[in-house]
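Peer 1:
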Amino acid sequence: MGKPKFYDFCVHAVPDGDNTAPELAALAGYFGYGGIALANHSDKLPQSWPVLSLPEGFEIFKGIELVEENPSKLHGLIGKFRKSVDILIVHGGSETINRAALENPRVDILNHPAFDKSSGLNQVLAKAASENGVAVGLTLRPLLNSRGSRRIRLLSDLRANLDLARKYEVSLVLSSDAMSCFDLRAPMDALALAEICGLEEDEAIDAMSTVPEKIIFRKRPRNGYIREGVEVLEEVDYF
Amino acid sequence: MKRLLPSLRLKKRYLAFELICEVPANRNDLIKEVMSSASALLGDVVASECDIKVLGFEDCKGIIQCAHTRLKETRASMAALTRINGKRATLHILGTSGTIKRVTEKFLQNHKVFEPKSRQSPEIEGNR
Chain A
339 MGKPKFYDFC VHAVPDGDNT APELAALAGY FGYGGIALAN HSDKLPQSWP VLSLPEGFEI
399 FKGIELVEEN PSKLHGLIGK FRKSVDILIV HGGSETINRA ALENPRVDIL NHPAFDKSSG
459 LNQVLAKAAS ENGVAVGLTL RPLLNSRGSR RIRLLSDLRA NLDLARKYEV SLVLSSDAMS
519 CFDLRAPMDA LALAEICGLE EDEAIDAMST VPEKIIFRKR PRNGYIREGV EVLEEVDYF
Chain B
1263 MKRLLPSLRL KKRYLAFELI CEVPANRNDL IKEVMSSASA LLGDVVASEC DIKVLGFEDC
1323 KGIIQCAHTR LKETRASMAA LTRINGKRAT LHILGTSGTI KRVTEKFLQN HKVFEPKSRQ
1383 SPEIEGNR
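Listed in order, the protein sequences are those of chains A and B. Anchor point for the first sequence: position 31 equals 369 in my numbering, and the numbering is continuous, going up by one each time. Anchor point for the second sequence: position 39 equals 1301 in my numbering, and the numbering is continuous, going up by one each time.
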């Protein structure tokens, strides 16, 4: 097995964050990421997708983070954006939105599920997430930028979600949720931080490399892919 | 006082790092932030076991020493550093090794510190 490729699936560029897409891409490439997804919040989308000259072996994926209070409107937004983006993230934060996102198989990731006094997941939602293949996002930026009681709260929410995810086999995605280039962290540093926060080493690597690859694969199947489990590996002319 | 025998000394790891920052930071501010970030993330007990020391720091790059069993904790607490003196900064670890000589040769010599473009072109920042 070669070195795993790491991906950061939630990076906010201008006008949502502080830095432009080329700056973020340059820094992420320098840190050794295999790719990033520009996922601006749905109320702050850029006018057009930037065309970038990318270093070799580095990809930028189109993403979006949907912010919506109303579940039925959320389903509408999902239908509207699903075709045009590679990665569809839902910004959670209330019981109804979390539920709507986790029960919709067209959603890729649910970020920030925590609200008031709950970590955002329970056994029902965790089961729905694993059935529908929706990953739960772990974000680094709030962890880095808070201290004391707020960070303690975030970490205990993370542990609660982690326990549920392990039990119901929900996939996890570790992303930076970067608003500026100073929120990006090198993959090895992010892994170390995740391990301190309670993930096992292989879980952390999966959350940064295997799960993102699966999400991309769902959107862009390889040549010769027919359906799950059936794939043409080598085409030979038999006649 | 007589120095400890080499076999009795604790083993160390040396981490080469670069600091990606808005404004160049000075050594004392960096040391203060590194220590406070370690104690905030790990707690004073574990941070003391890590035995973190900033050995050298100039031109936004330097070396940090830690206990070799606590490399992961040290890395994590370095990643948790977000600000120096109120200005945003990121500490990027370039690599680790067991000797200062090796870590300097392998990671720090001829290394150019990465600069986010925003620092080189402040007029773009002003326009926004």
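For each residue, glycine too, the CB sits at the ideal point set by N, CA and C. This one's a predicted model, so the numbers in the text were calculated from it and none came from an experiment.
Are the C-beta of R1289 of chain B and some C-beta of chain A separated by less than 9 Å?
Peer 2: With 9 Å as the cut-off, R1289 of chain B does not count as an interface residue toward chain A.
Peer 1: Going straight from the alpha carbon of T1336 of chain B to that of T1358 of chain B, what length do you get?
Peer 2: In a straight line, the C-alpha of T1336 of chain B is about 11 Å away from that of T1358 of chain B.
Peer 1: In three-state terms, what does DSSP make of E569 of chain A?
Peer 2: The answer is strand: DSSP assigns E569 of chain A an E or B state.
Peer 1: How should F1279 of chain B be labelled, buried or exposed, when 16 other C-beta atoms within 10 angstroms of its C-beta is the threshold for buried?
Peer 2: It counts as buried.
Peer 1: Quick one: which chain A residues come within Cβ less than 8 Å of R1350 of chain B?
Peer 2: Here the neighbours are S518, F520.
Peer 1: Determine which residues share a DSSP beta bridge with E1283 of chain B and list them.
Peer 2: For the record, residue 1283 of chain B in the displayed sequence is Cys; it is not Glu. Its beta-bridge partners are B:A1351.
Peer 1: Can you tell me whether N408 of chain A is buried or exposed? The criterion is at least 16 other CB atoms within 10 Å of its CB, across all chains shown.
Peer 2: Exposed.
Peer 1: Of the choices A:D346, A:P342, A:N470, A:R565, whose alpha-carbon is the least far from that of V511 of chain A?
Peer 2: The residue with the shortest Cα to Cα distance from V511 of chain A is A:D346.
Peer 1: When we look at the beta-carbon of L494 of chain A and count the other beta-carbons within 10 Å, is it buried (16 or more) or exposed?
Peer 2: The sequence given here has Ser at residue 494 of chain A, not Leu. It is exposed - the Cβ of S494 of chain A has fewer than 16 other Cβ atoms within 10 Å.
Peer 1: Can the beta-carbon of A1342 of chain B be found less than 9 Å from the beta-carbon of A1302 of chain B?
Peer 2: In contact: A1342 of chain B and A1302 of chain B (Cβ atoms closer than 9 Å).
Peer 1: So what's R479 of chain A in DSSP terms, helix, strand or just coil?
Peer 2: The answer is helix: DSSP assigns R479 of chain A an H, G or I state.
Peer 1: Less than 9 Å between CB atoms is the rule here; does N378 of chain A satisfy it with respect to chain B?
Peer 2: No, its Cβ sits nowhere closer than 9 Å to a Cβ of chain B.
Peer 1: Could you round the C-beta distance between K382 of chain A and P353 of chain A to whole angstroms and report it? I think they count as a contact, below 8 Å.
Peer 2: That belief holds up - the Cβ atoms of K382 of chain A and P353 of chain A are roughly 5 Å apart, short of 8 Å.
Peer 1: For chain A, find out if any of its Cβ atoms is closer than 9 Å to the Cβ of I1386 of chain B; answer yes or no.
Peer 2: Because I1386 of chain B sits at a pLDDT of 40, beneath the cut-off of 50, its placement in the model cannot be relied upon, and the following sentence gives the value as read from the coordinates. With 9 Å as the cut-off, I1386 of chain B counts as an interface residue toward chain A.
Peer 1: Looking only at DSSP bridge pairs, what is C1328 of chain B linked to?
Peer 2: In DSSP, C1328 of chain B forms a bridge with B:R1275.
Peer 1: Determine the chain A residues that contact A1309 of chain B at a beta-carbon separation under 9 Å, and present them in chain order.
Peer 2: Those within 9 Å of A1309 of chain B in chain A number zero; the least Cβ separation is about 12 Å.
Peer 1: Once the 5 residues before and after K400 of chain A are set aside, which same chain residues still bring their CB inside 8 Å of it?
Peer 2: The residues are A375, L376, W387, S422, V423, D424, I425.
Peer 1: Would L1277 of chain B and F1319 of chain B be called neighbours here (beta carbons separated by less than 9 Å)?
Peer 2: Not closer than 9 Å, so no.
Peer 1: Suppose you measure from the CA of R479 of chain A to the CA of E566 of chain A; what does that come to, to the nearest Å?
Peer 2: Using only the alpha carbons, I get a separation of about 35 Å.
Peer 1: Out of curiosity, what's the CA-to-CA distance linking L1270 of chain B and E533 of chain A?
Peer 2: About 30 Å.
Peer 1: Starting from F1319 of chain B, trace the beta strand (DSSP E) in both directions and tell me its first and last residue.
Peer 2: Note, F1319 of chain B: beta strand (DSSP E), 1315 to 1320.
Peer 1: Cα separation between L522 of chain A and V1375 of chain B?
Peer 2: Going by the C-alpha atoms only, they are around 16 Å apart.
Peer 1: Please say whether A464 of chain A and L312 of chain A have beta carbons closer to each other than 9 Å?
Peer 2: With chain A represented from 339 up to 577, any question about residue 312 of chain A goes unanswered, as that position is not in the structure.
Peer 1: Can you name the start and end residues of the alpha helix (DSSP H) that Y368 of chain A belongs to?
Peer 2: From DSSP, the alpha helix (DSSP H) with Y368 of chain A extends over 359 to 369.
Peer 1: In chain B, which residues lie less than 9 Å from A375 of chain A when you measure between Cβ atoms?
Peer 2: The premise fails here: A375 of chain A is roughly 20 Å from chain B at the closest Cβ pair, so nothing lies under 9 Å.
Peer 1: On the three-state DSSP scale, how would you describe T1361 of chain B?
Peer 2: Here T1361 of chain B sits in coil by DSSP.
Peer 1: Within a Cβ cutoff of 7 Å, which residues of the same chain sit near D356 of chain A, ignoring the five residues on either side of it in sequence?
Peer 2: Within the same chain, D356 of chain A has close Cβ partners M517, S518.
Peer 1: On the DSSP letters alone, give me the boundaries of the beta strand (DSSP E) that K400 of chain A sits inside.
Peer 2: It spans 397 to 404 - the beta strand (DSSP E) in which K400 of chain A sits, taken as one unbroken run.
Peer 1: Counting along the chain, where does the alpha helix (DSSP H) carrying H413 of chain A start and finish?
Peer 2: Element bounds for H413 of chain A: 409 to 419.
Peer 1: DSSP three-state call for R491 of chain A: helix, strand or coil?
Peer 2: Reduced to three states, the DSSP call for R491 of chain A is helix.
Peer 1: Taking its Cβ as the centre, do 16 or more other Cβ atoms sit within 10 Å of T434 of chain A, making it buried, or is it exposed?
Peer 2: T434 of chain A is exposed by the Cβ-count criterion.
Peer 1: For H1354 of chain B, return the contacting residues in chain A, with the cut-off set at a CB-CB distance below 9 Å.
Peer 2: Within 9 Å Cβ-Cβ: Y368, F369, R523, A524, D527.
Peer 1: Are the CB atoms of A528 of chain A and S514 of chain A nearer to each other than 9 Å?
Peer 2: Against a cut-off of 9 Å, the Cβ pair of S514 of chain A and A528 of chain A comes out as a contact.
Peer 1: Between which two residues does the alpha helix (DSSP H) containing N1372 of chain B stretch?
Peer 2: From DSSP, N1372 of chain B is part of no alpha helix (DSSP H); its letter is neither H nor E.
Peer 1: Relative to the C-alpha of N1290 of chain B, which residue among B:G1324, B:R1332, B:R1364, B:K1363 is closest?
Peer 2: Residue B:G1324 is the option with its Cα nearest to N1290 of chain B.
Peer 1: What separation, rounded to the nearest whole angstrom, lies between the Cα atoms of A452 of chain A and D575 of chain A?
Peer 2: Each residue's Cα considered, the two are about 55 Å apart.
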